[in-house]
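Written below as structure tokens is the structure these notes are about.
Have a look at this one:
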């Protein structure tokens, strides 16, 4: 948990499904705080987006790249890039901010990710969390009362300035504190078709299997192979292949030895069969 300075009580949380990407077109900015189950399917819309993870672990896909976020992590991206999210377990607690470029000063807007740029993914240390979370608290209130007034814009600019300072500093964009975890998760995200075993993965990074499992369970609450399996399924769902390739080809691209193994993993991760998921995508 990264909620020591979290300023919202349980009763203050928003319901899910507020469709902020539609509201923001009229208000300029929309902020919600929810326990999220993730998104049903990849999507995109015309605004910029910030997501703060306060509790739980979430896998975010932005522009086809996977990022694993833990409490204290923040992702900032141009929402015109196709994106989706899912928790590793149950739900994750997050603050989401959708905003239009016109609310941001030109000098800061020039630094923010464009539609084809990778997102900022930064970690907020607990020593900085109190100040940042208070700004989120006031931004949420003022964005509801007067979304386009000067105070709302100043609060948004202040939040972005703090994040840009961390994202653009040397090594500031790293979402995970432990070097071995950063390296392993990046390798996983870049090698979704790998068939490596836990033993082979640990050997690649010169750590024991037991130590690697300990780090993953402490940080993510699951084993390395379970997280990798979720990333493989989410990665293929974020790619065009999910709509065009046969199930056998999808299994091959995600490193599963058999079609049956892939189908069972897909059912566990997505809660549906490949055919059902394709129907969901086709429904728009």
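Numbering (the numbering used here), first residue to last: 44 to 327.
Backbone N, C-alpha and C fix where the C-beta goes; we use that ideal spot for every residue, glycine too.
In this text the structure is predicted, and so the values were computed from the model without any measurement.
Sequence-distant residues of its chain with Cβ nearer than 7 Å to residue i (five each side left out)
i           : result
residue 200 : 147, 148 and 151
residue 49  : 97 and 176
residue 364 : With the chain running from 44 to 327 in the structure shown, residue 364 is simply not present.
residue 268 : 241
residue 205 : 175
residue 275 : 235, 297 and 298
CB-CB length for residue i against residue j, believed under 8 Å
i           : j           : result
residue 134 : residue 80  : 6 Å
residue 104 : residue 277 : 6 Å
residue 279 : residue 273 : About 11 Å separates the two Cβ atoms, so there is no contact after all.
residue 224 : residue 262 : 6 Å
residue 264 : residue 110 : Not quite, the Cβ-Cβ distance comes to about 17 Å (not below 8 Å), so this is no contact.
residue 297 : residue 236 : 6 Å
residue 322 : residue 107 : That belief does not hold up - the Cβ atoms of residue 322 and residue 107 are roughly 22 Å apart, past 8 Å.
C-beta atoms of residue i and residue j nearer than 7 Å
i           : j           : result
residue 266 : residue 256 : yes
residue 91  : residue 138 : no
residue 165 : residue 209 : yes
residue 185 : residue 194 : yes
residue 59  : residue 74  : no
residue 308 : residue 302 : no
residue 238 : residue 245 : no
residue 207 : residue 154 : yes
6 Å Cβ shell around residue i - same chain, five flanking residues per side excluded
i           : result
residue 315 : none
residue 101 : 112, 128, 130 and 135
residue 71  : 143, 146, 190 and 191
residue 217 : In this predicted model, residue 217 has a pLDDT of only 48, less than 50, meaning its place in the structure is not dependable; the value taken from the coordinates is given anyway. The answer, listed in chain order, is 225.
Coarse secondary structure for residue i, derived from DSSP in three states
i           : result
residue 192 : coil
residue 160 : coil
residue 88  : coil
residue 101 : strand
residue 298 : coil
residue 224 : helix
residue 317 : helix
residue 357 : Nothing can be reported for residue 357, as the shown portion of the chain is limited to 44 through 327.
residue 131 : coil
residue 237 : coil
residue 57  : coil
residue 251 : coil
residue 215 : In this prediction, residue 215 has a pLDDT of 48, which is less than 50 and means its spatial position is unreliable; what the coordinates show is noted afterwards. Residue 215 falls in the coil class under three-state DSSP.
residue 142 : strand
residue 83  : coil
residue 123 : coil
residue 51  : coil
residue 311 : helix
residue 202 : helix
residue 109 : strand
Nonlocal neighbours in the same chain, by C-beta distance under 8 Å from residue i, ignoring five residues either side
i           : result
residue 168 : 115
residue 304 : 294
residue 247 : 230 and 239
Residue i beta carbon near the ligand ADP (any heavy atom closer than 6 Å)
i          : result
residue 68 : As presented, the structure is devoid of all ligands, the ligand ADP included, so that no description of it is given.
Do the stretch 155 to 165 and the stretch 183 to 193 meet, that is, are 3 or more Cβ pairs less than 8 Å apart? Under the three-pair Cβ rule at 8 Å, the stretch 155 to 165 does not count as touching the stretch 183 to 193.
Is the stretch 286 to 298 in contact with the stretch 308 to 324, if contact means three or more CB pairs nearer than 8 Å? Yes, they touch.
Quick check: the stretch 84 to 95 against the stretch 111 to 125, are there 3 or more CB pairs under 8 Å? With a cut-off of 8 Å, the stretch 111 to 125 and the stretch 84 to 95 count as touching, because enough Cβ pairs lie within range.
Count the CB pairs spanning the stretch 51 to 71 and the stretch 135 to 145 that are closer than 8 Å, and state whether there are at least three. As far as the Cβ criterion goes, the stretch 51 to 71 touches the stretch 135 to 145, which means the pair count is three or higher.
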